[in-house]
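This report concerns only the one structure given below.
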Amino acid sequence: MSSHLLSLSIWVPILGALLMFAVARVMTIFGVKEASLVQPTRWMSLLVAVAGFLVTIPLFTSFDNAQAGMQFVEQAPWVGPFRIQYLLGVDGISMLFILLNAFITVLVVLAGWEVIKEKQAQYMGAFLIMSGLMNGIFCALDAVLFYTFFEASLIPMYLIIGIWGGPNRVYAAFKFFLYTLLGSLLMLVAFVYLFSQSGSFNILDWHRLPLDIGVQKLIFIAFLLSFAVKVPMWPVHTWLPDAHVEAPTGGSVVLAAIALKLGAYGFVRLSLPIVPDASQALAPMMIGLSLIAVIYIGFVALVQSDMKKLVAYSSISHMGFVTLGFFIFNPLGVEGALVQMLSHGFVSAAMFLCIGVMYDRLHSRQIADYGGVVNTMPKFAALFLLFAMANSGLPATSGFVGEFMVVLGAVQFNFWTGFAAATTLILGAAYTLWMYKRVVFGDVANDHVKELTDINCREFLVLGTLAICVLAMGLYPFPFTDVMHASVDSLLKHVAAGKLM
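Be aware that the sequence shown starts at -18, since it is given in this note's numbering, and climbs by one per residue.
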């Protein structure tokens, strides 16, 4: 099936943002004050974000769930002498992440509606550009195109943290940028080597390229150093808490809901199919690192006094489930990991938005500064409770589905691996509900909490929409798993067959 839906999902938000920049600049040149542009900028950015989401919906409605290969393929020459192409396509593994990305972008625009007071066009435009670039990562089938989008997506997030972030925003932005950029350089070296062996940058051609086990291991390590930073896996996770704490609420939402998925997606799109024998040989190392993230980082989250840091460490622990699911090589594990990625997109976005709602009113993220919030913000407390339960893996929420599938898959792989992974259900409930108890329950702790006002219609719309998504996915996950089933089966058959010379 061929169409231009994938190109539209990439370029509608990017071109819309550039148009918004141009309009704001022209109006400024003609003497229009920035304050007068606030309302038009808000509505234009929302219009572009909604348009970007609407063009992705046919990807889901027209998708053939029985087909394992790439769909909606677009192909055009880009750099002829090196056989570099503008090559796009999605399968059951990647398609849902494009929808998630476009959906979260709409919510981020709404969340920043009244919060951002300065350089609003640039703020909204940075998120729109990042949305288009990340869609490009999820559907690029040419390695150079993939790398271009992968690296370019760093720029808007760097600016979001560095310009609109907290007091230590410059440090956090540099740390985020350098960690992820340096990790990606070895991936580029691996791409050049694979091109020298195949004469092509087509990622699907590399799936069939016979490679010696020693070469496969080197390529796997090159990919690992790039994707592990993005996930982030222990021990290269230290940039994430700093980035989350300093980022504005919208930056934290996109970082947790979408950007962390790029590393995990790289494993399943590049590492497993291109070097399947090395993936199996080094799986014990990946499982070990994943379990450290699940258990150790869970304990680290327990001792946090800053709500954003707690949820940031929670994200690292939950993403450990994703890498664990990929490297136990059974359908339950891989599909559970993909479902966990989608669920984490909803739940982590909701958790950071809830913290943002409180921060906008009290300008503090410290747990000790709150207490008794339910007395002044009952509607907010009810929604926050749902998201806290989902973060803990409560049945009937989306947080349960992926974790349960990965635990079942891990038990099939090895009982003790599954047992160790299941400890997250205890640790997740411990750090999340303890935070919730201290922030929301009890008597009103101070005069600042007494003066809090409950969520307004816009905030209720954003959080309510995410609540519906969390419950819908938790109660009826079949539409999500059905889409990915054929592609996951095909991937696992390819990995099991291997391709040693």
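Glycine included, each C-beta is placed from N, C-alpha and C at the ideal position. Remember, predicted model here, so these are calculated numbers, not experimental data.
- It is roughly 37 Å from the alpha-carbon of V354 to the alpha-carbon of A32.
- Straight-line spacing of the CA atoms in L447 and A331 works out to 6 Å.
- Taking each of N395, L251 and V338 in turn and checking the Cα distance to D123, the smallest one comes out for L251.
- The closest CA to that of A391, considering only Q347, F327 and L313, is found on L313.
- Restricting attention to alpha helix (DSSP H) runs no shorter than 4 residues, the region 276 to 330 encloses them at 288 to 307, ordered along the chain.
- Taken through DSSP and simplified to helix, strand or coil, G70 comes out as strand.
- For Q347, the number of other beta carbons within 10 angstroms of its own is below 16, and it is reported as exposed.
- In the structure shown, the three-state DSSP call for A57 is strand.
- The straight-line gap separating the alpha-carbon atoms of Y152 and E227 is approximately 9 Å.
- With 16 or more neighbouring CB atoms inside 10 Å of its own CB, T230 falls in the buried class.
- For A363, the enclosing alpha helix (DSSP H) begins and ends at P359 to S373.
- Under the three-state reduction of DSSP, I118 is assigned to helix.
- For Q321, the number of other beta carbons within 10 angstroms of its own is at least 16, and it is reported as buried.
- CA-to-CA, the gap between A49 and H(-15) works out to about 20 Å.
- Per the coordinates, the alpha-carbon of L433 lies some 28 Å from the alpha-carbon of A238.
- About 5 Å separates the CB atoms of I97 and Y104; that is less than 8 Å, so the two are in contact.
- Between the alpha carbons of Q66 and L(-1) lies a gap of roughly 24 Å.
- Two segments are said to touch when three or more pairs of C-beta atoms, one from each, lie closer than 8 Å; by this definition the region 283 to 299 touches the region 403 to 412.
- One Cα belongs to S286, the other to T86, and the distance between them is close to 29 Å.
- Here the alpha carbon of P257 sits roughly 14 Å from the alpha carbon of L185.
- The region 149 to 165 makes contact with the region 209 to 218; the number of CB pairs closer than 8 Å reaches 3 or more.
- In its own chain, leaving out the 5 sequence neighbours on each side, no residue places its CB closer than 6 Å to the CB of I144.
- Assignment of beta-bridge partners to I65 by DSSP yields V60.
- When C-alpha distances from M266 are compared across F385, S468, P216 and L(-11), the shortest belongs to P216.
- Per DSSP, S75 lies in no alpha helix (DSSP H) and is assigned neither H nor E.
- With the rule of 3 Cβ pairs closer than 8 Å, the region 181 to 195 does not count as touching the region 129 to 137.
- The Cβ atoms of F327 and V451 lie closer than 8 Å to each other.
- The C-beta separation of L77 from V469 comes to about 12 Å, leaving the pair out of contact by the 8 Å criterion.
- Shown here, Q48 sits in coil according to DSSP, grouped into three states, outside any helix or strand.
- Its chain contains V354, V355 and V421 as the residues whose beta carbon lies nearer than 8 Å to that of A362, once the 5 sequence neighbours on both sides are disregarded; these appear in chain order.
- In chain order, G390, Q393, F394 and L473 place their CB closer than 8 Å to the CB of N311, counting only its own chain and leaving out the 5 sequence neighbours on each side.
- With distances taken between CA atoms, F158 lies nearest to A224 out of A224, S471 and A369.
- Beta-bridge annotation (DSSP): N427 is not paired with any residue.
- Put simply, the backbone Cα of T404 is about 15 Å away from that of G306.
- For S207, the enclosing alpha helix (DSSP H) begins and ends at I194 to K211.
- In the DSSP assignment, the residues bridged to D123 are N183.
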